[in-house]
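Enquirer: FYI, the numbering for the sequence shown is 8 to 528, going by the working numbering.
Quick reminder that beta carbons are idealized off the backbone N, C-alpha and C, glycines included.
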Amino acid sequence: MDERRNESGIEIKSVYAASDVSPETELPGEAPFTRGPYPNMYRGRPWTMRQYAGFASAEESNARYRYLLERGQTGLSVAFDLPTQLGLDSDDPLALGEVGRTGVAIDTLDDMRTLLSGIPLDKVSTSMTINAPAAVLLLMYELVAEEQGVPGTALRGTVQNDILKEYVARGNYIFPPRPSMRLTTDLFAYCEEHIPSWNTISISGYHIREAGSTAVQELAFTLANGLAYCEAAVAAGLSPDTFGERLSFFFNAHNDFFQEVAKFRAARKLWATLLVERFGVTNPKALALRFHAQTGGSTLTAQQPENNIVRVAIQALAAAAGGAQSLHTNSFDEALALPTERSARIALRTQQILQNEAGATDTADPLGGAYYIEALTAELVERARELIDRVDEIGGAVAAIESGFIKDEIETAAYRYQQEVESGTRVIVGVNGFIEEADERVELQKIDPTSEAQQVERTARVRTGRDADAAAATLAAVRSAAQDGSNLLPPMREALKALCSIGEVCGVLREEFGTYDGERG
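Dropping the structure here:
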């Protein structure tokens, strides 16, 4: 018997027919939005081409942003280095050797000014992949915009601000889960008043999938985290019909084209259903799940790296056919190094070919009604819902994280996948099948080894040149807010305006909230 199952364990039939599906009756733009959040989808507005970039210094990253914008990129996506993601300054001993390596180093408002120099923030939508110190970086962005004469009401973009997935998939957390959730909801409330068009969170399945989850797990754990954020926001006195409009999601686009298209459709249907059931949401804009997609970094291979161009194109088409609102396409050399200008340009051109030559923007939900797609969509909804129910039995996403359940589930799936690769039952072209004796050498992006020292010197100059008394007073106000439970963002904004560093602001919160050890809690 020729039995086939995809990586989520779903059995794939040799052929699908009308008897395998219950046809969706709604149109795109109608609840539960299986077919898309907008009636005309890309005919009204194509997805935003948002290429993720950032490395070394603010000056070098600014030059890369300008390079991509000049070549047709339609939105910014900022990658921060590891110390910035962990709320550490570049001169912190723990940052040694990591400054500017996986993204741009941002220590103070002065760095953010340089990063965004010459970029019109009232015209460009910006995504920032930052979580534990998300509020700090967003406040810096707002302050730079105001210096440009752009009010918060004119800013558009997204801050990832999804701390829960850090505890189970990515590891870039600072504080324990519960004070981290307070920071998240404080940001929700601040933006509702000051930056109303900003997407206050990008609830991320991407990193869950990168850690080795199946598509079902990516779907279930991401939406379970989303429910936890909604519960925390409601507990803080916010309305789900209001803050729900500013929630966005971030999913991975992997190699199984058909499963990925079905996954995106299932996510919309399941999210709308859950919001009605759990919170009584009636606002269609709050029910309509909108998402950014990124092609799968973990699917890229160092062997025969040019093959990655094909992988990325397939994954990008899946995101488009599944109805993504914005998309990042990985560069083919990312299994080896940060992208060069050439590889980043090829990745951008991939999206432009899909939009302009492949017909990907011509009709909403182009695969809707296909028996296989509809059957997979229904199966993914059912399996993800079962897994969400298991999370609920534990006490919700935060409790499931604290108990280790979600991390264990992902690690088990990752181990099973690796066993399939090593046994040869799952073929990865160029890795365990169709192997070449020698690969062509690829030109790699090089990081200037002096950039770390230069960043450390820049941060020291800012500290020396600021008003020390004003800086100390504003940090004391941050501490007071942490203690009395008031919204943390207004005093943090004043501290950043006084040129306090990200490490100093997060240092105060470390002292008040403590830190989190994934092994001990």
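Closer than 6 angstroms by C-beta to A279: which residues in its own chain qualify, once you throw out the five before and the five after it? Chain order, please.
Expert: A38, P39, F40, L294
Enquirer: Determine the contact status of I170 and S187, defining contact as a CB-CB distance below 7 angstroms.
Expert: yes
Enquirer: Do D96 and T109 count as a contact pair if the criterion is CB distance below 7 angstroms?
Expert: no
Enquirer: Is the CB-CB distance between N69 and L122 below 7 angstroms?
Expert: Cβ distance < 7 angstroms, so N69 and L122 count as in contact.
Enquirer: Check H299 in the structure and name its three-state DSSP category.
Expert: Looking at H299 - three-state DSSP - the assignment turns out to be strand.
Enquirer: Closest by CA to L516, which one among V485, G492, Q462, Q155?
Expert: When the alpha-carbon of L516 is set against those of V485, G492, Q462, Q155, the nearest one is in V485.
Enquirer: Can you tell me where the beta strand (DSSP E) with Y59 in it begins and where it stops?
Expert: 55–60
Enquirer: Excluding the five sequence neighbours on either side, which residues of its own chain have a C-beta within less than 6 angstroms of the C-beta of P46, listed in chain order?
Expert: P35, G36
Enquirer: What would DSSP say about V438, mapped onto helix, strand or coil?
Expert: coil
Enquirer: Going by DSSP, name the residue or residues bridged to I19.
Expert: R11
Enquirer: What are the uninterrupted segments assigned as beta strand (DSSP E) that are 3 or more residues long and contained completely in the region 461–495, given in chain order?
Expert: none
Enquirer: Comparing alpha-carbon positions, which option in A309, E33, R397 lies nearest V6?
Expert: What is shown of the chain runs 8 to 528, which leaves residue 6 out entirely.
Enquirer: According to the neighbour-count rule (16 or more other Cβ atoms, all chains shown, within 10 Å of its Cβ), is N138 buried or exposed?
Expert: With 16 or more other Cβ atoms inside 10 Å of its own Cβ, N138 counts as buried.
Enquirer: One question on the structure: do G179 and I210 come within less than 7 angstroms of each other, judged by their Cβ atoms?
Expert: According to the sequence shown, residue 179 is Asn rather than Gly. Against a cut-off of 7 angstroms, the Cβ pair of I210 and N179 comes out as no contact.
Enquirer: Classify D524 as buried or exposed, calling it buried when 16 or more other Cβ atoms lie within 10 Å of its own Cβ.
Expert: exposed
Enquirer: What residue does the beta strand (DSSP E) around N259 start on, and which one ends it?
Expert: 254–260
Enquirer: Out of curiosity, what's the CA-to-CA distance linking A371 and F257?
Expert: 20 angstroms
Enquirer: Rounded to a whole number of angstroms, what is the C-alpha to C-alpha distance between S305 and R423?
Expert: Roughly 15 angstroms separates the two Cα atoms.
Enquirer: Which complete beta strand (DSSP E) runs does the region 68–107 hold, if anything under 3 residues is left out?
Expert: 82–86
Enquirer: Which residues share a DSSP beta bridge with N206?
Expert: Paired residue(s): T165.
Enquirer: Is the region 351–363 in contact with the region 390–401, if contact means three or more CB pairs nearer than 8 angstroms?
Expert: no
Enquirer: On a CA-only basis, which of K130, T81, P140 is nearest T91? Give me that one, please.
Expert: Ranked by how close their Cα comes to the Cα of T91, the residues K130, T81, P140 have P140 in first place.
Enquirer: Of the residues G43, G251, E518, R11, which one's Cα is nearest the Cα of A269?
Expert: G43
Enquirer: For Q490, is the classification buried or exposed, using 16 other Cβ atoms within 10 angstroms of its Cβ as the cut-off for buried?
Expert: exposed
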